[in-house]
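FYI, the UniProt record's numbering numbers position 332 of the sequence shown as 332, with every residue one higher than the one before it. Where is the CB? At the ideal position from N, CA and C, for every residue including glycine. See below for the structure under consideration.
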Amino acid sequence: MNSKKIILIVVIAALISAFFLLDLDSYLNLGYVKSQQDSLQSWVANNRLAALAAFMLIYTVVTALSLPGAAVMTLLGGAIFGLFTGLLLVSFASSIGATLAFLISRYLLREPLTNKFSKYIDPINRGIEKDGISYLFTLRLVPLFPFFVINAVMGMTRMKAGTFYWVSQLGMLPGTAVFVNAGTQLAAIKQPGDILSPSLILSFCLLGAFPWIAKSIADTVKQRRVYTGFNKPKKFDTNMVVIGAGAGGLVTSYIAAATRAKVTLIERHKMGGDCLNTGCVPSKALIRTTHFLADIRDAEQLGIRKAAVEYDFAEIMERVQRIIQTIEPHDSIARYESLGVDCVTGEAFIRSPWEVEVNGKTITTRNIVIATGARPTIPQIPGIEQVGPLTSDTVWELRQRPERLLILGAGAIGCELGQCFARLGSTVSILFRGNQVLTREDQDAAAVVEKRLIEDGIRICSGHTPLRFEVTAKGYVLVCRHNDQEKRIGFDKLLVATGRSANVTGFGLEALGITAQPGGTIQVDDYLRTRFPNILACGDVIGPYQFTHAASHQAWYAAVNGLFGQLKRFRVDYRFIPFTTYTSPEVARIGLNEKQAIDKGIAYEAVRYNLEELDRAITDEAAYGFVKVLLKPGSDKIIGVTLVGEHAAEMLPEFALAMKNKLGLNKILGTLHAYPTLNEANRFVAGEWKKQHAPQKVLGWLEKFHSWKRG
């Protein structure tokens, strides 16, 4: 650090220390101002120029050093100088002081903090470059954060000082006027009756209502700006157009129709989206079949000396299609039209914030909801296109079982399908770069699943980095790196399960300036609105959770905020989203797991119950896994639950209900559970917690009491 910075730090520290050591803050409170009101006004009348200069200097220094008292000085400005002069003084002094604080922050803090916290500051800089003036203006107009914080944070960005000054002065002006006006009324209080004067009451009503008024102004300004260049129709064909008929789109349109709104649902392919056609439904149908095959394989554990089964792979895959067809009517055009939804099959294209074109026809609408879902991501690995990779979308087209199946990715999809194909007789290898399967889960949970996968004959290839694919005379080969050595893995079919990418292109978002954020999803606010308040989005296209139930959950907010947002908006509540992986054993959780709690620095207490001790798990030959509950230290408040075991997903709702309704482990412990059931584990884990927190002193007294009773 150079000598100039050191000198500046010393000067600032000295001024701040003097402010508090000399008890100067006692002069900047409302009580003192009122007590000295007459003498101050007399002095100002006799020394007006000196008073003006002194006030402006003190106000500027207080703001520049972020000292307490600026609000009181604003009221004082109105009290002793009147509305016009006070507003003029405070407006310029506050803006100059804020800019000085901005420059101090930039000079002293930007370099060290930018180097250390670049990953946090860089996104702010990108936002400032894209929409900085509007962002700062809104912060100044709507006092969500203390102004000294805004001054310091903005100083660490690349915003120009001149821009910061004029936007700050303009943005703070309405609030300054309200405070200065309130100050003029304070000066008028001479006796108790003056407190109830209409002008004073009006001033304080304005003071209280200002944040809401300012927010309305900011929203109006922002909307006018974002809609510039588009012509809003005078009347509309429909209240809402929903693009995409997956879980999010179906639920959104259903809710809209249920409220008697006119809604149009556009789907380019199949109703039901990924969940019905290529995701949840087919995968669970296949899991059911392969679970039966595993039971036959392990029949000796059930006391059956020998059991055999014959099956045809193609017939199993046809059964999967039959299950889809059985459920299909639930999501069909006929059903949704009977509910009042206008269903259209075709390619949607958004022409403006109020116009959607489909099949050559333009539909005008008050609101648009984007629910276009996501698709499997194919990684850019040399040669991958030569091996014809399968995905979770296309694997259902198989009618011949692959002898050797290589799976890239050890997330939920890779593990679920890998286990299914292993139980069907394929030689399965799951390859991934990390050191554990199901990387989002706690290590102990992933370890139980990995052990079962290995028992099913799956080869777990952790720490492997794919380099390239080759086509040889003997079949396909993946060349990869493991422990700094090249390895070659042969296979017949490749299944890619490395993630999914949101569908954000091809239907007009680019022309509207709605672009994907770094994660590839559409950016929305807490109410699921895009940069256009009447265009909302839900489901996989926005994340952050690519689950059918998460999309359905978001859909309610999209429908209600779109149709009724001008009256009342609702923030999406993500606190109680359940996570489930349908391997054998299943992994189900809600709230925080230990990995997340540690990453976020959240204190917790963990209590665990092992299913190997549960009678029903023992009778079912499923005595593996556990229930783990994270609690707020010193209480029975549940902050997270992880379950690992057969039918773990069915055990989770009790905890979800408890967490949502703020019920602790004591309530679960006091709830009678049928015997023998897997859900008893929920009560037993509560019992483990109770034992760990047993009042030892009270138990000691009881022991002495019972001893005395025995004589």
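Within the same chain, Gly383, Val477 and Val479 come within 7 Å of Glu470 by CB-CB distance, once the 5 residues on both sides are set aside.
Following the DSSP letters along the chain, one finds Phe705 inside the alpha helix (DSSP H) bounded by residues Gln696 to Arg710. For the pair Ala555 and Ala247, the CB atoms are nearer than the 9 Å cut-off.
Per DSSP, Lys691 lies in no beta strand (DSSP E) segment; the continuous alpha helix (DSSP H) that holds it begins and ends at Glu680 to Gln692.
Residue range Lys361 to Ile370 is occupied by the beta strand (DSSP E) that includes Ile368, with no alpha helix (DSSP H) assigned at that position. Considering only Trp396, Glu347 and Leu276, the residue with the shortest C-alpha distance to Phe547 is Leu276. The distance from the Cβ of Leu265 to that of Asp342 is about 7 Å, consistent with a contact at the 8 Å cut-off. Assigned with DSSP and collapsed to three states, Phe491 falls in strand.
In this structure, DSSP gives Ile324 a helical state, which the three-state scheme calls helix. By the neighbour-count criterion, in which 16 or more other beta carbons inside 10 Å mark a residue as buried, Lys600 falls on the exposed side.
Membership of Thr99 in the alpha helix (DSSP H) is indicated by the continuous run Leu83 to Leu108. When beta bridges are read from the DSSP output, Tyr311 appears opposite no residue. Of all C-beta pairs linking the stretch 228-236 to the stretch 298-315, fewer than three are shorter than 8 Å, placing the two stretches out of contact. Between Glu416 and Thr583 a beta carbon distance of about 6 Å is seen, short of the 8 Å cut, so the two are scored as contacting. Taking C-beta separations shorter than 8 Å and ignoring five residues to either side along the sequence, the partners of Leu453 in its chain run Cys415, Gly418, Gln419, Ala422, Ile430, Val437, Ile460 and Thr583, following chain order. Where Asn610 is concerned, the enclosing beta strand (DSSP E) starts and stops at Glu605 to Asn610. In this structure, the straight-line span from the alpha carbon of Gly171 to that of Arg158 is close to 19 Å. Annotation: Asn151 to Gly77 spans about 22 Å, alpha carbon to alpha carbon.
Minimum Cα-Cα distance from Ile304 among the listed residues Leu631, Val685 and Glu621 corresponds to Glu621.
For Asn610, the number of other beta carbons within 10 angstroms of its own is at least 16, and it is reported as buried. Less than 9 Å divides the Cβ of Val587 from the Cβ of Val449. Proximity of the stretch 290-303 to the stretch 359-375 falls short of the contact definition, fewer than three beta-carbon pairs being nearer than 8 Å.
With contacts defined by Cβ atoms closer than 9 Å, Val644 and Ala686 do not form a contacting pair. Here Val448 carries a helix assignment [DSSP, helix/strand/coil]. Judged by DSSP in its simplified three-state form, Phe55 adopts helix. Three or more pairs of CB atoms, one per stretch, sit closer than 8 Å, so the stretch 332-351 contacts the stretch 258-272. The C-alpha of Ile16 is placed about 15 Å away from the C-alpha of Ser105. Relative to the Cα of Arg375, the nearest Cα in the group Glu680, Lys361 and Asp393 belongs to Asp393. With fewer than 16 other beta carbons inside 10 angstroms of its own, Gly229 counts as exposed.
DSSP, read as helix, strand or coil, puts Phe579 in strand. Taking C-beta atoms under 8 Å as the contact rule, Glu680 and Arg616 qualify, at a distance of about 7 Å.
With a cut-off of 8 Å on Cβ pairs, the stretch 487-498 is in contact with the stretch 399-411, counting three or more such pairs.
As computed with DSSP, Ile243 is found in a beta bridge with Ile266 and Ile370. Only residues of its own chain outside the window of five on either side were considered, and among them Val607 and Leu665 have a CB closer than 6 Å to the CB of Trp689, listed in chain order. Bridge pairing for Phe469: Leu478 [DSSP]. Counting along the chain, the unbroken alpha helix (DSSP H) around Ser338 starts and ends at Ile333 to Ser338.
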